Amino acid sequence: MAIGQVLHELEVNVSASQAWDLYGSLELAKLVEQALPNLIDKVELIQGDGGVGTILKVTFASGAGVHKEKFTKLDHEKRVKEVEVIEGGLVELGLSLYRVRFEIIEKVEADYSSRCCIIKTTIEFDVKEDAAPNTSSLVSIDPFKNIAEVAKTHLLNKQSLPLPRPS
């Protein structure tokens, strides 16, 4: 088997706990479905409540296929979530493993004047020996860059919403 890894990091000017509220829940799937219709057509909850063992069915836009993914790790303390494709998608095309890890990393400036975080997305994959030679070239971090940008915009807009005035 050939083992590979690709990653992306994006700094966001919100606290890690705010970003984790999105990434550590089913809210991220809902946001992606709404905000990226050119990438995701539909996300369906098959099983679970957003914790370990949750299974989602993801239908990609433009007839690009369907896969099922399972939440295999959810660590609220370390702000780490891992999701593995268990059926369809790249697994059918010759990968024996396709895992996405989301990490929300707190970043505090040296003078403690501001807090921000880093959204780190890592794809880990294994290619079966009998897979086509170019199978690993199908793995792309680009969709997750788009998801991180959508999440960043959402988090920044949410942060800047005016507070309701007392009546």
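Read in order, the letters of the sequence shown correspond to residues 1 to 167 in UniProt numbering. Ideal placement from N, C-alpha and C gives every residue a C-beta, glycine not left out. The structure presented is a predicted model; accordingly, all values stated were derived computationally and were not measured.
Check whether the Cβ atoms of residue i and residue j lie closer than 8 angstroms to each other.
| i | j | result |
| --- | --- | --- |
| Gly94 | Lys128 | yes |
| Val58 | Ile86 | no |
| Glu69 | Val83 | yes |
| Lys152 | Leu10 | yes |
| Lys107 | Leu7 | no |
Nearest-angstrom Cα distance between residue i and residue j?
| i | j | result |
| --- | --- | --- |
| Asn134 | Glu149 | 28 angstroms |
| Val66 | Cys116 | 35 angstroms |
| Pro37 | Lys73 | 27 angstroms |
| Gln5 | Thr122 | 7 angstroms |
| Trp20 | Ala131 | 36 angstroms |
| Leu31 | Glu77 | 23 angstroms |
| Glu109 | Glu92 | 44 angstroms |
| Ile3 | Phe144 | 19 angstroms |
| Asn13 | Val52 | 28 angstroms |
| Ser17 | Arg101 | 17 angstroms |
| Ser136 | Leu156 | 34 angstroms |
Count the other CB atoms within 10 Å of the CB of residue i; is the residue buried (16 or more) or exposed (fewer)?
| i | result |
| --- | --- |
| Leu56 | buried |
Assuming residue i and residue j form a contact by the criterion Cβ under 8 angstroms, report the distance between their Cβ atoms to the nearest whole angstrom.
| i | j | result |
| --- | --- | --- |
| Glu33 | Val43 | 5 angstroms |
| Leu97 | Asp126 | 4 angstroms |
| Tyr23 | Ile104 | 6 angstroms |
May I have a chain-ordered list of the alpha helix (DSSP H) segments no shorter than 4 residues that lie completely inside the segment 5-75?
Segments of the alpha helix (DSSP H) lying fully in the segment 5-75: 16-23 and 27-35.
Just to confirm the assignment: which complete beta strand (DSSP E) runs, minimum length 3, are found wholly within the segment 101-158?
The segment 101-158 contains these whole beta strand (DSSP E) runs: 115-127.
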